[in-house]
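Enquirer:
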Amino acid sequence: MKMHPAVIWNGLHFKWQKYPHRLSILGSRLFPIWSEDRKQLLTYDHELSLKIGNWPPEHAEYFVPFTKLHAQQGFLGTGHAIVPISCPIEVGGQHKETIEVSVPNLVNYTKQNDIPAGNRVKVLLNGFRVQSENNVSGWHFGGLGIEISNTKLVSDNQLQFDAEVYVRPARSPEPLTHGNGAWKFHKDDCQYFIHFDFMVVAGAKEEVHFTESKVEMIENTARKQYKGLLKATMPGKDNERYEKAFSGITGFKFKIDKQDSAILKQRTGRYIREMGFFNEHFKYDSASGVGEIAMNLAFSNLGDRVGYLANKWKLETSVNLCMVQMNGLENMEHGNVKGITASNRKAVSQTKPLWEAE
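Numbering-wise, the sequence shown is residues 1 to 358 according to the numbering used here.
Following this line, the structure appears as structure tokens:
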């Protein structure tokens, strides 16, 4: 079987150029593009999905880093899952679902085509798309998160993991908020479909080793804009067995604290001008087995011309990380895809290749 390049998703950053908007559709996903005979992987298309709430139409800048690699040993394969969630406005909801995976159904990028029982295995988040279903304009932002955990092999070529999704749609204290359409706030829950892609990484214990970590920030100062760089040191195996390593994300969560003010207690959401979590610079020392990750975080509801109308918030955010030490890694490259979306009131799904097909 031929070995194909695999791509590890390393997060997402986007920023509207002028104004903040509600969260209705947000996504960053990777799609392999194959030759007609399906024997050669030519490139990957990145699909950026982003939609304004209702008004005004405008553009958004986006940036998505990734790691491209070949694996001579072990197993790398991708799959896709959908988790629906429904919750009351302001209250939000959290839902955990166990995902069953049959390895032959995955898109395989390695020569190894199975995962025997006894192999080490981990599942990474490799992109996502969240979409409001019963409100085309979406709701104001109170929180969003996806977490993958508890991966285990049930038997040869059968594994399972838990996927936990979190959303908290909310109202906003800003004046003249509108555009909720047919959604009836007094009786309808807020409904979402959360799509996510995942990368299964597996191998014998002499082929692969996983080290997990978490970066988190709890902001005690109310503000309208946050940018930070959170670093994590990940001590892996130090016996020089693994010459190379890469990093992935297993989960993220953004959460805006509810306000103490009695006036605003029923309007705890915010527009989003900017939001991001991504790792662009991963460093690994094979002699010590130590990896270093710098996670960029950003959130803002501050518009260029109407910033004085924006209400402050306190943010809690976390990102779950995994360092993968793996033998047989070749042609490892770090890259990114970036661009500017079209100006459109409808859903924007814009595709761009990660590299030009040969």
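Don't be surprised by glycine CBs; every beta carbon is placed ideally from N, CA and C.
Taking DSSP as the reference, what is the three-state secondary structure of Val91?
Expert: Taking the first residue of the sequence shown as position 1, residue 91 is located at position 91. DSSP places Val91 in coil when its eight states are reduced to three.
Enquirer: Answer with buried or exposed for Gln365, where buried requires no fewer than 16 other C-beta atoms within 10 angstroms of its C-beta.
Expert: Given a span of 1 to 358 for the chain in the structure shown, any question on residue 365 remains unanswerable.
Enquirer: What are the boundary residues of the beta strand (DSSP E) that Glu333 is part of?
Expert: Reading the sequence shown from its first residue, position 333 is the one you call residue 333. Per DSSP, Glu333 belongs to the beta strand (DSSP E) from Leu329 to Ile340.
Enquirer: What does a CB cutoff of less than 7 Å around Ala262 pick up in its chain, not counting 5 residues either side in sequence?
Expert: Position 262 of the sequence shown, counted from the start, is the residue given in the question as residue 262. For Ala262, the pLDDT reaches just 48, beneath the cut-off of 50, and the residue's location in the model is therefore unreliable, leaving the point undetermined.
Enquirer: Can you tell me where the beta strand (DSSP E) with Asn146 in it begins and where it stops?
Expert: Position 146 of the sequence shown, counted from the first residue, corresponds to residue 146. According to the sequence displayed, residue 146 carries Ile and not Asn. Run containing Ile146: His140 to Ser155, per the beta strand (DSSP E) assignment.
Enquirer: Give me, in chain order, the residues of the same chain whose beta-carbon lies closer than 6 Å to that of Gly276; leave out the 5 immediate sequence neighbours on both sides.
Expert: Looking up residue 276 in the sequence shown gives position 276. Contacts found: His13 and Ala298.
Enquirer: Quick one: using the 10 Å Cβ neighbour count with 16 as the cut-off for buried, is Ala117 buried or exposed?
Expert: Against the sequence shown, residue 117 aligns to sequence position 117. Exposed, since its Cβ has fewer than 16 Cβ neighbours within 10 Å.
Enquirer: Out of Ile340, Glu219 and Leu76, state which residue places its alpha-carbon closest to the alpha-carbon of Glu316.
Expert: For the purposes of this step, residue 316 is taken as residue 316 along the sequence shown, with counting starting at 1. Residue Glu219 is the option with its Cα nearest to Glu316.
Enquirer: Please report the straight-line C-alpha distance between Asn119 and Arg241, rounded to a whole angstrom.
Expert: Here the question's residue 119 lines up with position 119 in the sequence shown. Here the question's residue 241 lines up with position 241 in the sequence shown. If you take the alpha carbons of Asn119 and Arg241, they lie about 17 Å apart.
Enquirer: According to DSSP, Arg171 sits in a beta bridge with which residue or residues?
Expert: For this step, residue 171 is matched to residue 171 along the sequence shown. According to DSSP, Arg171 bridges with nothing at all.
Enquirer: Return helix, strand or coil for Pro363, following the three-state DSSP convention.
Expert: For residue 363 there is no data in the structure shown, the boundaries of the chain being 1 and 358.
Enquirer: Assign Asn296 to one of two classes, buried (16 or more other C-beta atoms within 10 Å of its C-beta) or exposed (fewer than that).
Expert: Here residue 296 refers to the residue found at position 296 when the sequence shown is read from its first residue. Asn296 is buried by the Cβ-count criterion.
Enquirer: By a C-beta neighbour count over all protein chains shown, 10 Å radius and 16 as the cutoff for buried, is His4 buried or exposed?
Expert: Within the sequence shown, residue 4 is the residue found at index 4, counting from 1. Under this definition His4 is a buried residue.
Enquirer: Could you please give me the residues that DSSP links to Ile84 through a beta bridge?
Expert: Here residue 84 corresponds to residue number 84 of the sequence shown, with the count starting at 1. It should be noted that the sequence gives Pro, not Ile, for residue 84. Answer is Phe193.
Enquirer: Let me make sure I understand the geometry here. Which of Asn126, Asn279, Ser247 and Glu97 has the alpha-carbon closest to that of Pro32?
Expert: Here the question's residue 32 lines up with position 32 in the sequence shown. Nearest of Asn126, Asn279, Ser247 and Glu97 to Pro32, Cα basis: Asn126.
Enquirer: My assumption, with CB atoms under 8 Å, is that Asn279 sits in contact with Ala294. Please give the rounded CB distance.
Expert: Here the question's residue 279 lines up with position 279 in the sequence shown. Here the question's residue 294 lines up with position 294 in the sequence shown. Contact holds; Cβ gap of about 7 Å.
Enquirer: Quick test of your reading: Glu100 and Gln160, contact by CB under 8 Å. State the CB separation rounded to the nearest angstrom.
Expert: Walking along the sequence shown from the start, residue 100 turns up at place 100. Walking along the sequence shown from the start, residue 160 turns up at place 160. Correct: roughly 5 Å between the Cβ atoms.
Enquirer: Would you tell me roughly how many angstroms separate the C-alpha atoms of Val348 and Pro57, rounded to the nearest one?
Expert: Counting from 1 along the sequence shown, the entry for residue 348 is found at position 348. Counting from 1 along the sequence shown, the entry for residue 57 is found at position 57. Those two C-alpha atoms are separated by around 11 Å.
Enquirer: With DSSP collapsed to three states, give me the class of Val103.
Expert: To locate residue 103, count along the sequence shown from 1; it is residue 103. Helix.
Enquirer: To the nearest angstrom, report how far apart Ile272 and Ala204 are at their CA atoms.
Expert: To locate residue 272, count along the sequence shown from 1; it is residue 272. To locate residue 204, count along the sequence shown from 1; it is residue 204. About 44 Å.
Enquirer: Given a cut-off of 9 Å on the beta-carbon distance, is the pair Gly303 and Tyr19 in contact?
Expert: In the sequence shown, the residue the question calls residue 303 occupies position 303. In the sequence shown, the residue the question calls residue 19 occupies position 19. Yes; because the gap between Cβ atoms is below 9 Å, this pair is in contact.
Enquirer: Sort Gly92, Lys227 and Phe246 by Cα distance to Leu144 and report the nearest one.
Expert: Numbered from its first residue, the sequence shown carries residue 144 at position 144. With distances taken between Cα atoms, Leu144 lies closest to Gly92.
Enquirer: Over what stretch of residues does the beta strand (DSSP E) that includes His133 continue unbroken?
Expert: Position 133 of the sequence shown, counted from the first residue, corresponds to residue 133. Reading off the sequence, residue 133 comes out as Glu, not His. Looking at the DSSP string, Glu133 is not in any beta strand (DSSP E), and its letter there is neither H nor E.
Enquirer: Between Phe210 and Gln325, is the Cβ-Cβ spacing less than 9 Å?
Expert: The sequence position of residue 210 within the sequence shown is 210, counting from 1. The sequence position of residue 325 within the sequence shown is 325, counting from 1. Yes. Within cutoff.
Enquirer: Residues in the same chain with beta-carbon distance under 6 Å from Lys15, minus the five sequence neighbours each way, listed in chain order, please.
Expert: Along the sequence shown, one-based indexing puts residue 15 at 15. Cβ neighbours of Lys15 beyond the five flanking positions: Glu61 and Glu274.
Enquirer: By the DSSP assignment, the beta strand (DSSP E) with Ile293 in it spans what residues?
Expert: What you label residue 293 is simply residue 293 of the sequence shown in a count that begins at 1. It spans Val290 to Ser300 - the beta strand (DSSP E) in which Ile293 sits, taken as one unbroken run.
Enquirer: Between which residues of its own chain and Trp34 is the CB-CB distance below 8 Å, once the five residues before and five after are set aside?
Expert: Working through the sequence shown from its first residue, we reach residue 34 at position 34. Taken in chain order, the residues that qualify are Gln40, Leu41 and Leu42.
Enquirer: Whole angstroms is fine: what's the gap from His195's alpha carbon to Asp162's?
Expert: Position 195 of the sequence shown, counted from the first residue, corresponds to residue 195. Position 162 of the sequence shown, counted from the first residue, corresponds to residue 162. Distance between the alpha carbons of His195 and Asp162: 14 Å.
Enquirer: Taking Ile52 as the reference, which of Arg168, Cys322, Ser24 and Leu76 has the closest Cα?
Expert: In the sequence shown, counting from the first residue as 1, residue 52 sits at position 52. Among Arg168, Cys322, Ser24 and Leu76, the Cα nearest to that of Ile52 is on Ser24.
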